[in-house]
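S.K.: For the working numbering, add 15 to where a residue sits in the sequence shown, where the first one is 1. Idealized CB from N, CA, C, for every residue including glycine. Computed from a predicted structure; not experimentally measured.
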Amino acid sequence: ERTMQLKDSVALVTGANRGIGRALVAALLDAGAKRVYATARRVESLDQVVDMDPERVVALPLDVTKPEQARAAADKAKDVTLLINNAGAAAFGDVLGIDIELVRRDLEVNLFGLLNVSRAFAPGLSEGQGERAIANVLSVVSFASMRGAAGYCASKAAALSITQALRADLGQAGVAVHGVFPGPVDTDMARSIEMDKASPEHVAKGILEGLAAGREDVFPDPMAEQVGAGYAVSPKEVEKQFAGM
């Protein structure tokens, strides 16, 4: 397990304009990060995020589905020691009825977007010195599909597989790769979900605690911890539980 010293780290957070991403920027600043690159598709949506600390927060435009934008961000942010792939999309609907284009969109952002950004930053992280890490914000639904969100769940399951592949490939270069598995979080994305939700601030803090402790699998909120413990005992039970939700 590789611990991550957050003080004086240089982080880049995708999807930093709201929700967990925005909370992560605030938590990184609190933890003493030297610089935080905050990215979003529309750079003007990051104005209030930059206002948190104009000295340390740098806004960059980044649509994760565009490899050339990911490479441009990596060129501008050559000093990154911690990449947090947080940008996400979520379409809801029954697996047999949902518009297939919405499923494709979830895969485009949650799978290929994560891969585009990771590939753009991998050379710089691999050649760096000291502690370096990638943290992929996935979901408890990486482990089992929840009714009404099958496309989203599939994209997160695929992203977990890519996270494991990145861990195998980058481990030799000394880059730690973390999977982060939140339960439902109180964000715009999850507005339609009728469940108890953790606050983005609680989840962001839990993510950074997990990275600091060197945990490869980070369960940053109470429901996540429960699912993680349950999955370790019986994946089939978790599948049944989620299918009945």
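Give me the residue from V58, L185, A165, A41 with the minimum Cα distance to A108.
M.R.: Walking along the sequence shown from the start, residue 108 turns up at place 93. Note that residue 108 is Gly in the sequence shown here, rather than Ala. Minimum Cα distance to G108 is reached at A165.
S.K.: Just confirm the distance between the C-beta atoms of T54 and L39, as a whole number of angstroms; I'd bet it's less than 8 Å.
M.R.: The residue labelled residue 54 in the question sits at position 39 within the sequence shown. The residue labelled residue 39 in the question sits at position 24 within the sequence shown. With 8 Å as the limit, T54 and L39 do not qualify as a contact, their Cβ atoms being about 12 Å apart.
S.K.: Out of A247, D94, A172, which one is the CA nearest neighbour of Q144?
M.R.: On the sequence shown, position 129 is the one that residue 144 refers to. Among A247, D94, A172, the Cα nearest to that of Q144 belongs to D94.
S.K.: Can you tell me whether D232 is helix, strand or coil according to DSSP?
M.R.: By one-based count along the sequence shown, residue 232 stands at place 217. DSSP places D232 in strand when its eight states are reduced to three.
S.K.: In angstroms, rounded to a whole number, what distance separates the CA positions of L98 and V110?
M.R.: Locating residue 98 in the sequence shown gives position 83, counting from the first residue. Locating residue 110 in the sequence shown gives position 95, counting from the first residue. Computed Cα separation, rounded: 32 Å.
S.K.: Quick check on P197: buried or exposed, where buried means 16 or more other Cβ atoms within 10 Å of its Cβ?
M.R.: Numbered from 1 along the sequence shown, position 182 holds the residue referred to as residue 197. Buried, by the Cβ-count rule.
S.K.: According to DSSP, which residues form a beta bridge with H261?
M.R.: Any answer about residue 261 is impossible in this case: the structure gives the chain only from 16 up to 260.
S.K.: Do you know whose CA, among V155, L140, S154, lies nearest A148's CA?
M.R.: Translated into positions along the sequence shown, residue 148 becomes position 133. Ranking the options by Cα distance to A148, first place goes to L140.
S.K.: Count the other C-beta atoms from every protein chain shown that fall within 10 angstroms of the C-beta of T18, then say buried if there are 16 or more, exposed otherwise.
M.R.: Sequence index remark: in the sequence shown, residue 18 carries index 3 (1-based). Classification for T18: exposed.
S.K.: In the DSSP assignment, find the beta strand (DSSP E) that holds N100 and state where it starts and stops.
M.R.: Numbered from its first residue, the sequence shown carries residue 100 at position 85. Looking at the DSSP string, the run of the beta strand (DSSP E) that includes N100 is 97-100.
S.K.: Residue ranges of each alpha helix (DSSP H) run of no fewer than 4 residues wholly in the stretch 70-128, ordered along the chain?
M.R.: Segments of the alpha helix (DSSP H) lying fully in the stretch 70-128: 82-91, 115-122.
S.K.: Select from K251, A213, E254 the residue whose C-alpha is nearest the C-alpha of F234.
M.R.: Taking the first residue of the sequence shown as position 1, residue 234 is located at position 219. Considering only alpha carbons, the answer is A213.
S.K.: Which same chain residues end up closer than 6 Å to L27 when comparing Cβ atoms and leaving out the 5 residues on each side of it in sequence?
M.R.: For the purposes of this step, residue 27 is identified with residue 12 of the sequence shown, where counting begins at 1. Around L27: Y52, A92, V95, L98.
S.K.: Could you check whether M238 and M161 sit closer than 8 Å to each other, using their CB atoms as the reference points?
M.R.: Position 146 of the sequence shown, counting from 1, holds the residue named residue 161. Position 223 of the sequence shown, counting from 1, holds the residue named residue 238. Going by C-beta atoms, M161 is not nearer than 8 Å to M238.
S.K.: Cutting at 8 Å between CB atoms, please list the residues of its own chain near V242, excluding the five before and the five after it.
M.R.: For the purposes of this step, residue 242 is taken as the residue at position 227 of the sequence shown. Excluding positions up to five away in sequence, the list reads V155, F158, F196, G198, F234, V253.
S.K.: For the stretch 42-49 against the stretch 57-65, do three or more pairs of beta-carbon atoms, one drawn from each stretch, fall closer than 8 Å, so that the two count as touching?
M.R.: Touching, no.
S.K.: Comparing C-alpha positions only, which one of V192, A137, Q63, A104 sits nearest to D121?
M.R.: Taking the sequence shown and counting its residues from 1, one reaches residue 121 at position 106. Ranking the options by Cα distance to D121, first place goes to A104.
S.K.: Would you list the one or two residues that DSSP bridges to V51?
M.R.: Walking along the sequence shown from the start, residue 51 turns up at place 36. Note: V51 sits in a beta bridge opposite A26, V72.
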